[in-house]
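Protein chains in written order, with the numbering used here: chain A, 233 to 345; chain Z, 5 to 117. Here's the structure we're looking at; comments come further down.
This is the structure in structure tokens:
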């Protein structure tokens, strides 16, 4: 039973436009959510996180939105750049921090020049 | 963020043999974790490597198959024992604590033939 779901295996957008990556979760005990980016042959790189006490967190071009009632979060990238092309993983944990992260299967983002 | 070095980066192994993966961190860390990413799947936590005591394994993973050592606060090893083709995966070392995001090594791509 997948507790964290990324239902779009892939997404393609034009350079300069907004990329929106979605993630749904089923475990209401999750209270800390993270997004990671992964290039081929590299480990995941931390992008941005959000605690369940917030509904939005921004860091430069990246914004994460959390809708607790819908058990849904999204990552917005504005403007999208070709270097953003990678696989993006959504992850969640109970109790915050690094312990027992549960990951989605990832969404492959392609940003076209 | 910590710099995490994982060795080997990739290997091709015969079934029935064992492979030990090393994870070295450039600073002392509280928590070290081992994840597995099977082809087309999400990252799954294998175990938490505890310094000075036995690792804590997640459901579906056992010490006989995935023995883990953590002799100090900067180093850990994961052994994949008696390998079969189903063990072909990317194995990832991760570090973090209870209050921050997790950081990952570059991963070990294992192919069992």
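A virtual CB, placed ideally from N, CA and C, is assigned to each residue, including glycine. No experiment lies behind these values; they were computed from the predicted model shown.
Beta carbon of residue i nearer than 8 angstroms to that of residue j
i: residue 314 of chain A; j: residue 345 of chain A; result: yes
i: residue 114 of chain Z; j: residue 92 of chain Z; result: yes
i: residue 110 of chain Z; j: residue 45 of chain Z; result: no
i: residue 264 of chain A; j: residue 283 of chain A; result: yes
i: residue 236 of chain A; j: residue 302 of chain A; result: no
i: residue 82 of chain Z; j: residue 95 of chain Z; result: yes
i: residue 19 of chain Z; j: residue 71 of chain Z; result: no
i: residue 320 of chain A; j: residue 341 of chain A; result: yes
i: residue 35 of chain Z; j: residue 27 of chain Z; result: no
i: residue 252 of chain A; j: residue 306 of chain A; result: yes
i: residue 16 of chain Z; j: residue 117 of chain Z; result: yes
i: residue 104 of chain Z; j: residue 260 of chain A; result: no
i: residue 343 of chain A; j: residue 274 of chain A; result: no
Where the beta strand (DSSP E) through residue i begins and ends
i: residue 283 of chain A; result: 277 to 283
i: residue 244 of chain A; result: 242 to 246
i: residue 113 of chain Z; result: 112 to 116
i: residue 100 of chain Z; result: 93 to 100
i: residue 21 of chain Z; result: Counting along the chain, residue 21 of chain Z falls outside any beta strand (DSSP E), and DSSP gives it neither H nor E.
i: residue 50 of chain Z; result: 47 to 53
i: residue 69 of chain Z; result: Per DSSP, residue 69 of chain Z belongs to no beta strand (DSSP E) and is neither H nor E.
Minimum C-alpha distance to residue i - residue among the options
i: residue 78 of chain Z; options: Z/112, Z/15, Z/100; result: Z/100
i: residue 8 of chain Z; options: Z/108, Z/116, Z/117; result: Z/108
i: residue 241 of chain A; options: A/254, A/292, A/285; result: A/254
i: residue 40 of chain Z; options: A/265, A/271, A/276; result: A/276
i: residue 14 of chain Z; options: Z/6, Z/37, Z/25; result: Z/25
i: residue 295 of chain A; options: A/247, A/272, A/328, A/268; result: A/268
i: residue 6 of chain Z; options: Z/59, Z/88, Z/32, Z/12; result: Z/32
i: residue 245 of chain A; options: A/288, A/234, A/308; result: A/308
i: residue 50 of chain Z; options: A/338, A/342, A/334; result: A/334
i: residue 281 of chain A; options: A/290, A/234, A/274; result: A/290
i: residue 339 of chain A; options: A/317, A/247, A/273; result: A/317
i: residue 337 of chain A; options: Z/47, Z/97, Z/17, Z/37; result: Z/47
i: residue 53 of chain Z; options: Z/67, Z/42, Z/43; result: Z/67
Residues bridged to residue i [DSSP beta-bridge criterion]
i: residue 290 of chain A; result: A/295
i: residue 344 of chain A; result: A/246
i: residue 35 of chain Z; result: Z/100
i: residue 42 of chain Z; result: Paired residues: none, contrary to the question.
i: residue 256 of chain A; result: A/237, A/304
i: residue 14 of chain Z; result: Z/113
i: residue 28 of chain Z; result: Z/9, Z/79
i: residue 323 of chain A; result: A/266, A/335
i: residue 61 of chain Z; result: Z/51
i: residue 251 of chain A; result: A/309
Collapsed DSSP secondary structure at residue i in the structure displayed
i: residue 314 of chain A; result: helix
i: residue 75 of chain Z; result: strand
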